[in-house]
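**Q** So that we are looking at the same thing, I have put the structure below in structure tokens.
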Amino acid sequence: VEALKKNSAWKGRRGPVVLVIMDGVGYGKYKEGDAVADSKMYNLEAIKAKSPHTRLKAHGTAVGLPSDEDMGNSEVGHNAIGCGRVFSQGAALVSKSIESGAMFQGKTWREVIGNVKTSGGALHFIGLFSDGNVHSHIDHLKAMIIKAKEEGVKKVRIHVLFDGRDVGETSALEYVDPFETFLKSLNNASFDARIASGGGRMWITMDRYGADWAMVERGWKTHVLGMGRQFSSAREAVETYRKEIPGIIDQDLKEFVITENGKPVGTIEDGDSVIYFNFRGDRALEMTAAFEQDDFDKFNRIRRPKVVYAGMMEYDGDMHVPKRYLVSPPAIDRTMGEYLAASGVRTLAISETQKYGHVTYFFNGNRTGKFSEELEDYIEITSDVLPFEQRPWMKCAEITDAVLEAIESGKYNFIRLNYPNGDMVGHTGNYEAVVCSMEAMDLQLGRLAKAVEKAGGIMVISADHGNSDDMFEHDKKTGAVIYKEDGQPKAKTSHSLNPVPCIIYDPEHKGEYTYKPGEGVLKTGLGISSLAATCIQLLGFIPPEDYDPSVLAM
Ligand code: 3PG
Ligand code: CO
Numbered sequence: 002v003e004a005l006k007k008n009s010a011w012k013g014r015r016g017p018v019v020l021v022i023m024d025g026v027g028y029g030k031y032k033e034g035d036a037v038a039d040s041k042m043y044n045l046e047a048i049k050a051k052s053p054h055t056r057l058k059a060h061g062t063a064v065g066l067p068s069d070e071d072m073g074n075s076e077v078g079h080n081a082i083g084c085g086r087v088f089s090q091g092a093a094l095v096s097k098s099i100e101s102g103a104m105f106q107g108k109t110w111r112e113v114i115g116n117v118k119t120s121g122g123a124l125h126f127i128g129l130f131s132d133g134n135v136h137s138h139i140d141h142l143k144a145m146i147i148k149a150k151e152e153g154v155k156k157v158r159i160h161v162l163f164d165g166r167d168v169g170e171t172s173a174l175e176y177v178d179p180f181e182t183f184l185k186s187l188n189n190a191s192f193d194a195r196i197a198s199g200g201g202r203m204w205i206t207m208d209r210y211g212a213d214w215a216m217v218e219r220g221w222k223t224h225v226l227g228m229g230r231q232f233s234s235a236r237e238a239v240e241t242y243r244k245e246i247p248g249i250i251d252q253d254l255k256e257f258v259i260t261e262n263g264k265p266v267g268t269i270e271d272g273d274s275v276i277y278f279n280f281r282g283d284r285a286l287e288m289t290a291a292f293e294q295d296d297f298d299k300f301n302r303i304r305r306p307k308v309v310y311a312g313m314m315e316y317d318g319d320m321h322v323p324k325r326y327l328v329s330p331p332a333i334d335r336t337m338g339e340y341l342a343a344s345g346v347r348t349l350a351i352s353e354t355q356k357y358g359h360v361t362y363f364f365n366g367n368r369t370g371k372f373s374e375e376l377e378d379y380i381e382i383t384s385d386v387l388p389f390e391q392r393p394w395m396k397c398a399e400i401t402d403a404v405l406e407a408i409e410s411g412k413y414n415f416i417r418l419n420y421p422n423g424d425m426v427g428h429t430g431n432y433e434a435v436v437c438s439m440e441a442m443d444l445q446l447g448r449l450a451k452a453v454e455k456a457g458g459i460m461v462i463s464a465d466h467g468n469s470d471d472m473f474e475h476d477k478k479t480g481a482v483i484y485k486e487d488g489q490p491k492a493k494t495s496h497s498l499n500p501v502p503c504i505i506y507d508p509e510h511k512g513e514y515t516y517k518p519g520e521g522v523l524k525t526g527l528g529i530s531s532l533a534a535t536c537i538q539l540l541g542f543i544p545p546e547d548y549d550p551s552v553l554a555m
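Have a look at this one:
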């Protein structure tokens, strides 16, 4: 891309623009369960009181999802923030490709199907088993199974990852039971489809950013090798674990292997085909590496079957992983990072492991590499490997330490950081821990504000989507809180549909853009894709013409 044009009227502040993405922190719709509003966020409130602010949409069509019923998520959120525009995202693209039939005419589908028809092997599906539409959708899985049968595939094995994170925390059987009925309706003398193995998504297979490879190893053993506790059905596994581990939620359910006469019904063997049916890449890349890489060193695979492996999408547009994929990802181009690099802007991107790829890979339109080795630095603070309700402060202090050092160094014009607390702790469903996480993060916002003021910079505070702002299940029609048998509110572990903050903290503001202090007269009705043009303006440049409008009146 070309360098951005400089704004002749204002060249920006002397200090850096610091974009703070408070992952999973929105403005709640309901008072009950809004852990953000319920936390003592003294710094955030003080900053907001003296700064222009507005709310930005972070869900549904505003971030490229199929409908406004779809909650936001970090992938589409960071894509939108980083590329300044809204692209149709994976969920929509896969559905379209199935509806139009394009998926089934594609080369990858033909190879996957052709392979098992020649070898007589099984077609395996591995993926997140829900209709959360964040990483996957069960309807995509069903459509592919139906098509496989039509095309003469004889044996299908499904490896299911229970969700409980993008959907109700104990909803697994609401997917298992109808799915078993669905399979039964398809099965006959020449078609045999079964669930073969599975477990909770936060226990096996779906690790991300190399945070905990042991999860992937457990998944490999379960799905590929058929090693793990044996059950006769997925339902039996869910019920058994729930009885044995009171209070366990779906994402944490242990692994299971379905067996008959003591033999696993669906290990993955030479000649088989495997489709990883998640369309989102962050939690698909590690298992993909285990299947695809010859010199793989993250764990001992014991046996690596010779299979035709395909992902639902291309998960990494830089590295071209996986080698085969069913649907092309959104063609995200000309991201803000690329423009800034072309314009000589020195940039730092930083978070801890759990969200490191969000501020780098997702922010850059699902590419792992930098645009400029010289101008960009990426820092990853290593995350804890334990349930985040036990350490709700996570690494927000360490991230801040590094950012303060970066601000003081004077080296950077633009710093973007992600605080994972609101999201990662929000997903645990533990209200008390969320409040703790918010207050821990708020302390860090206070430290940042001081440093930004001293350096003569600007802090833009926003988020990629809501989560902590909506911690209880509400009745969809009446809005009333849903209570469990023990009288406690039913926890909601998933993201929300709520708008997120956009606060421009600019202590040296001298009227370069207009607003009345305290009244928050930034533009309204915009989405988080407007953050790119906003930051570009604050850096003293003119945003690309087709970027979504900035929130600033300039
Ligand atoms: C996850 O992957 O943890 C959830 O499905 C979505 O969370 P994220 O979009 O905030 O990463
Ligand atoms: Co999340």
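Position in the sequence shown (first residue = 1) + 1 = the UniProt record's numbering.
Backbone N, C-alpha and C define an ideal beta-carbon position, used for all residues, glycine too.
Please report the straight-line C-alpha distance between residue 193 and residue 147, rounded to a whole angstrom.
**A** Roughly 12 angstroms separates the two Cα atoms.
**Q** Could you check whether the Cβ of residue 496 sits closer than 7 angstroms to any heavy atom belonging to the ligand CO?
**A** For the ligand CO, at least one heavy atom lies less than 7 angstroms from the Cβ of residue 496.
**Q** Helix, strand or coil, according to DSSP, for residue 447 in the structure here?
**A** If DSSP states are grouped into helix, strand and coil, residue 447 belongs with the helices.
**Q** Spatial neighbours of residue 373 within its chain, please: C-beta separation below 6 angstroms, excluding the five flanking residues on both sides.
**A** Cβ neighbours of residue 373 beyond the five flanking positions: 342.
**Q** Use the C-beta contact count for residue 280: other C-beta atoms within 10 angstroms, 16 or more gives buried, fewer gives exposed.
**A** Under this definition residue 280 is a buried residue.
**Q** Tell me the DSSP secondary structure of residue 197 in three-state form.
**A** Looking at residue 197 - three-state DSSP - the assignment turns out to be strand.
**Q** When burial is assigned at 16 or more other CB atoms within 10 Å of the CB, is residue 12 buried or exposed?
**A** So residue 12 counts as exposed.
**Q** Just curious, the beta strand (DSSP E) that residue 128 is in, first and last residue?
**A** From DSSP, the beta strand (DSSP E) with residue 128 extends over 124-129.
**Q** Distance check for residue 201 and residue 132, CA to CA, integer angstroms please.
**A** Whole-angstrom Cα-Cα distance: 15 angstroms.
**Q** Alpha carbon to alpha carbon, how far is residue 500 from residue 353? Give it in angstroms, no decimals.
**A** One C-alpha to the other measures close to 24 angstroms.
**Q** Applying the 10 Å Cβ sphere with the 16-neighbour rule, what's the burial state of residue 386?
**A** Exposed.
**Q** Where are the beta strand (DSSP E) runs, 3 residues long or more, that stay fully inside the stretch 189-246, in chain order?
**A** Runs found: 193-201.
**Q** Are residue 161 and residue 196 closer than 8 angstroms when you measure CB to CB?
**A** Yes.
**Q** Go to residue 163, then tell me how far its alpha helix (DSSP H) extends in each direction, as first and last residue.
**A** That residue, residue 163, is in no alpha helix (DSSP H); its beta strand (DSSP E) goes 156-163.
**Q** Residue 134: which of 170, 153, 91 and 105 sits nearest, CA to CA?
**A** Minimum Cα distance to residue 134 is reached at 91.
**Q** If you draw a straight line from the alpha carbon of residue 376 to that of residue 369, how long is it in whole angstroms?
**A** Straight-line Cα distance between these residues: approximately 16 angstroms.
**Q** Rounded to the nearest angstrom, what separates residue 169 and residue 252 at their Cα positions?
**A** If you take the alpha carbons of residue 169 and residue 252, they lie about 10 angstroms apart.
**Q** State the Cα-Cα distance for the pair residue 127 and residue 539, rounded to the nearest angstrom.
**A** Their Cα atoms are separated by approximately 45 angstroms.
**Q** Which residues mark the beginning and the end of the beta strand (DSSP E) in which residue 257 is found?
**A** It spans 257-261 - the beta strand (DSSP E) in which residue 257 sits, taken as one unbroken run.
**Q** Drop a sphere of 10 angstroms on the beta-carbon of residue 20, count the other beta-carbons inside from all chains shown, and report buried for 16 or more, exposed for fewer.
**A** Buried, because 16 or more other Cβ atoms sit within 10 Å of the Cβ of residue 20.
**Q** Assess, as a yes-or-no matter, whether the stretch 205-224 is touched by the stretch 250-269 under the definition of 3 or more beta carbon pairs within less than 8 angstroms.
**A** Yes, they touch.
**Q** Give me the residue from 529, 56 and 308 with the minimum Cα distance to residue 77.
**A** Closest by alpha carbon: 529.
**Q** Quick check on the burial criterion: 16 or more other C-beta atoms within 10 angstroms. Buried or exposed for residue 25?
**A** Residue 25 is buried by the Cβ-count criterion.
**Q** Taking the beta carbon of residue 227 as the centre, do at least 16 other beta carbons fall within 10 Å, making it buried, or is it exposed?
**A** Per the 10 Å Cβ criterion, buried.
**Q** Can at least three beta-carbon pairs, one atom from the stretch 410-426 and one from the stretch 465-485, be found at a separation below 8 angstroms?
**A** Yes, the stretch 410-426 touches the stretch 465-485.
**Q** For a minimum of 4 consecutive residues, which ranges assigned as the alpha helix (DSSP H) are wholly contained in the stretch 332-370?
**A** Whole alpha helix (DSSP H) segments, 4+ residues: 337-343 and 354-358.
**Q** Taking the beta strand (DSSP E) that residue 312 falls in, what are its first and last residues?
**A** Element bounds for residue 312: 309-314.
**Q** Under the three-state reduction of DSSP, which class applies to residue 111: helix, strand or coil?
**A** Note: residue 111 maps to helix in three-state DSSP.
**Q** Could you give the DSSP three-state label for residue 464: helix, strand or coil?
**A** Residue 464 falls in the coil class under three-state DSSP.
**Q** Relative to the C-alpha of residue 180, which candidate in 158, 476 and 166 has its C-alpha closest?
**A** For residue 180, the nearest C-alpha among the options comes from 158.
**Q** Can we count residue 360 as close to the ligand HEM, meaning its CB is less than 7 angstroms from some heavy atom?
**A** As far as ligands go, the structure on display features the ligand 3PG and the ligand CO and does not contain the ligand HEM.
**Q** With H, G and I counted as helix, E and B as strand and the rest as coil, what does DSSP make of residue 532?
**A** Here residue 532 sits in helix by DSSP.
**Q** Ignoring anything shorter than 4 residues or poking outside the stretch 377-431, list the alpha helix (DSSP H) runs there in chain order.
**A** Fully enclosed alpha helix (DSSP H) runs of 4 or longer: 397-410 and 422-425.
**Q** Sorted by chain position, which residues of the same chain lie with C-beta nearer than 6 angstroms to residue 272's C-beta, five sequence neighbours on each side aside?
**A** Excluding positions up to five away in sequence, the list reads 120 and 122.
**Q** Does residue 148 come out as helix, strand or coil in the three-state DSSP assignment?
**A** Here residue 148 sits in helix by DSSP.
**Q** On the three-pair Cβ rule with 8 angstroms, is the stretch 59-76 touching the stretch 489-507?
**A** In short, these stretches touch, since the Cβ pair count reaches three.
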